[in-house]
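Structure first, then comments.
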Amino acid sequence: MTSSPDRATATVAPPAPRSAERPLQLTAATAAQLTLDAMFARVAARRPDHTAVRVGSGRLTYRGAEQRARQLASLLVLGGVQLGDPVIVSCVDHRRSLVAQLAVLKAGGVVVPVPAGTPDAALRDIAALSGARTVLCGQAHRAAWKGIQLVVPMDDPATWQRAEAVRPDDSLPRSSPIDPAYLLLAPGTDTVPGPTGELIDHRAWQLAAAARIQRVGAAEHGVEIRQPAPCGPVTLAAMWWAVASAGTLYCGPPEGPLTRSPVAVLTPQQYDRLLVPGAAGPRTVVLVGDPCPAELAARHRALLPTSRLWAEFAPAGGALPWTALDLSHPGEPVATGSGRRRGLNVGGAVAGVRIQILDERGAALPGGIGEVCAVGPALAFDRVFHHAPGRAFNPDPGPVLHASLRGRHTPDGHLTVFPAP
Numbered sequence: 001m002t003s004s005p006d007r008a009t010a011t012v013a014p015p016a017p018r019s020a021e022r023p024l025q026l027t028a029a030t031a032a033q034l035t036l037d038a039m040f041a042r043v044a045a046r047r048p049d050h051t052a053v054r055v056g057s058g059r060l061t062y063r064g065a066e067q068r069a070r071q072l073a074s075l076l077v078l079g080g081v082q083l084g085d086p087v088i089v090s091c092v093d094h095r096r097s098l099v100a101q102l103a104v105l106k107a108g109g110v111v112v113p114v115p116a117g118t119p120d121a122a123l124r125d126i127a128a129l130s131g132a133r134t135v136l137c138g139q140a141h142r143a144a145w146k147g148i149q150l151v152v153p154m155d156d157p158a159t160w161q162r163a164e165a166v167r168p169d170d171s172l173p174r175s176s177p178i179d180p181a182y183l184l185l186a187p188g189t190d191t192v193p194g195p196t197g198e199l200i201d202h203r204a205w206q207l208a209a210a211a212r213i214q215r216v217g218a219a220e221h222g223v224e225i226r227q228p229a230p231c232g233p234v235t236l237a238a239m240w241w242a243v244a245s246a247g248t249l250y251c252g253p254p255e256g257p258l259t260r261s262p263v264a265v266l267t268p269q270q271y272d273r274l275l276v277p278g279a280a281g282p283r284t285v286v287l288v289g290d291p292c293p294a295e296l297a298a299r300h301r302a303l304l305p306t307s308r309l310w311a312e313f314a315p316a317g318g319a320l321p322w323t324a325l326d327l328s329h330p331g332e333p334v335a336t337g338s339g340r341r342r343g344l345n346v347g348g349a350v351a352g353v354r355i356q357i358l359d360e361r362g363a364a365l366p367g368g369i370g371e372v373c374a375v376g377p378a379l380a381f382d383r384v385f386h387h388a389p390g391r392a393f394n395p396d397p398g399p400v401l402h403a404s405l406r407g408r409h410t411p412d413g414h415l416t417v418f419p420a421p
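Following the UniProt record's numbering, the numbering of the sequence shown begins with 1 at its first residue and continues without gaps.
Pasting the structure below:
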């Protein structure tokens, strides 16, 4: 049966010239216009055979990941996953983890990333805190998720036979940029017993990635990580930076010398262990997590003088940075003071983040030392606790994020943090 000529001319437009296509790499102007899965789909449409994830000699292309994720998303919807439902993702393989995360996002769900190897007792707490009724994991870990309504083994051929047999759901994808994309879990603190969860929308991840592209550069030639298990904060930060750059996530071994890769994303603790004399080292190193020690920055400049070093402060095991500091040159001060008063310069607030220094009552301390807190569209927009907000042990149920560190602003707009007493 042929279509009506009128209908065809009304709906089919000539292909746009390549010069008129939107830039493939994420920019600050486009960061809030797409969901994460839509951003991935856009790269898959333009660079289908480009490698999205490489682990050793194995690789997953953008087209392969997009196709598998759409199939799995339809299966999840058929299994009862609805818009806003939390879904736990706990895979050993980085390629399966990416497909699982994309599928949850396409189904309109919220990814609850759990690194493989998490103790069983912690898994029960995670399930209770998140309220998840669906888990995507490996066959070897199915038994650990007792009480979960639907457990989907990602490495079971039967899973993909069912997914391929399901008719694609025409309602997919179902999220918007301001809908929650991830529920990241963090250990508790003295103030708020844990674990706690931070809800992060699609927009925040893209704002963070776009700001990193503007600050450090695009990672179109790939991002290397040394994480043994997917779903950790560093892996998530590197993965979405790579996707936002239309690049590749390279998953290297946890140990062994660093290679001359374009970019490596590591924690300061990892880099301290892997930075050894004689290694070629990446051309750019981005540290995510705790403040970078002054000694580590000095050792980097001595051993890799031509490589750039950026330190992104993301406290409490976070994946989205609060501040960033270029430590490539010796002129940037890292440490101030001495002894217990020795502070670390962690740089200025990144785009989409506002740093606050608060006293015990929650009042601002413009020039004093107080608790380091942050708010902004490039961070979590809400938090989840074991108990209802407003209880005595939970004094701050709002969107203000706490670093559990004391600090102060410097005259040049940077943030200095002090070690816990």
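Cβ coordinates follow ideal geometry from the N, Cα and C atoms, glycine included.
Alpha carbon to alpha carbon, how far is P411 from A116? Give it in angstroms, no decimals. Residue 116 sits at position 116 when you count from the first residue of the sequence shown. Residue 411 sits at position 411 when you count from the first residue of the sequence shown. One C-alpha to the other measures close to 44 Å.
Can you look up H202 in the DSSP assignment and give me helix, strand or coil? Taking the sequence shown and counting its residues from 1, one reaches residue 202 at position 202. Residue state, collapsed to three classes: helix.
Which residue's Cα is closest to the Cα of Q270: E255, G281, G278, A279? Your numbering for residue 270 matches position 270 in the sequence shown. Taking only the C-alpha atoms, the option nearest Q270 is E255.
What residue range does the beta strand (DSSP E) around S328 cover? Taking the sequence shown and counting its residues from 1, the one referred to as residue 328 is at position 328. Counting along the chain, S328 falls outside any beta strand (DSSP E), and DSSP gives it neither H nor E.
From the DSSP secondary-structure annotation, give me the bridge partner or partners of residue 422. Since the first residue shown for the chain is 1 and the last is 421, residue 422 is missing from the structure and cannot be characterised.
The stretch 125-139 / the stretch 206-221 touching (three or more Cβ pairs under 8 Å): no
Whole-angstrom distance between E224 and A165, CA atom to CA atom: Reading the sequence shown from its first residue, position 165 is the one you call residue 165. Reading the sequence shown from its first residue, position 224 is the one you call residue 224. Going by the C-alpha atoms only, they are around 36 Å apart.
Segment limits, alpha helix (DSSP H) that includes I126: Along the sequence shown, one-based indexing puts residue 126 at 126. That run of the alpha helix (DSSP H) goes 120-130.
Going straight from the alpha carbon of residue 422 to that of P168, what length do you get? In the structure as shown, the chain starts at 1 and stops at 421, and residue 422 therefore has no counterpart that could be examined.
Extent of the continuous beta strand (DSSP E) to which G407 belongs: Taking the sequence shown and counting its residues from 1, the one referred to as residue 407 is at position 407. Taken as a continuous stretch (DSSP letters only), the beta strand (DSSP E) holding G407 covers 401-409.
Same chain, Cβ closer than 8 Å to L207, five either side skipped, listed in chain order: Counting from 1 along the sequence shown, the entry for residue 207 is found at position 207. Only A28, A31, A32, A351, G352, P377, A378 meet the Cβ criterion.
Contact check, P282 vs R301, beta carbons under 9 Å: As a working mapping, residue 282 is identified with position 282 in the sequence shown. As a working mapping, residue 301 is identified with position 301 in the sequence shown. No, the pair does not count as a contact, with Cβ atoms beyond the cut-off.
Using three-state DSSP, classify V234 as helix, strand or coil. Reading the sequence shown from its first residue, position 234 is the one you call residue 234. V234 falls in the helix class under three-state DSSP.
Cβ shell of V112 (< 6 Å), same chain only, five flanking positions each side left out: Position 112 of the sequence shown, counted from the start, is the residue given in the question as residue 112. P86, I88, S130, A132, L183.
Nearest-angstrom beta carbon gap, W145 and A181 [assumed within contact, 8 Å]: As a working note, residue 181 is residue 181 in the sequence shown. As a working note, residue 145 is residue 145 in the sequence shown. Wrong, their Cβ atoms sit about 22 Å apart, outside the cutoff.
Contact under 9 Å by Cβ, P321 with L296: In the sequence shown, the residue the question calls residue 321 occupies position 321. In the sequence shown, the residue the question calls residue 296 occupies position 296. No.
Euclidean distance between Cα positions of D49 and R42: Translated into the one-based positions of the sequence shown, residue 49 becomes position 49. Translated into the one-based positions of the sequence shown, residue 42 becomes position 42. Going by the C-alpha atoms only, they are around 13 Å apart.
Rounded separation between A253 and L275 - CA only: Counting from 1 along the sequence shown, the entry for residue 253 is found at position 253. Counting from 1 along the sequence shown, the entry for residue 275 is found at position 275. Per the sequence shown, residue 253 should be read as Pro rather than Ala. Their backbone Cα atoms lie some 14 Å apart in a straight line.
Is W241 helix, strand or coil by DSSP? To locate residue 241, count along the sequence shown from 1; it is residue 241. In this structure, W241 counts as helix in the three-state DSSP scheme.
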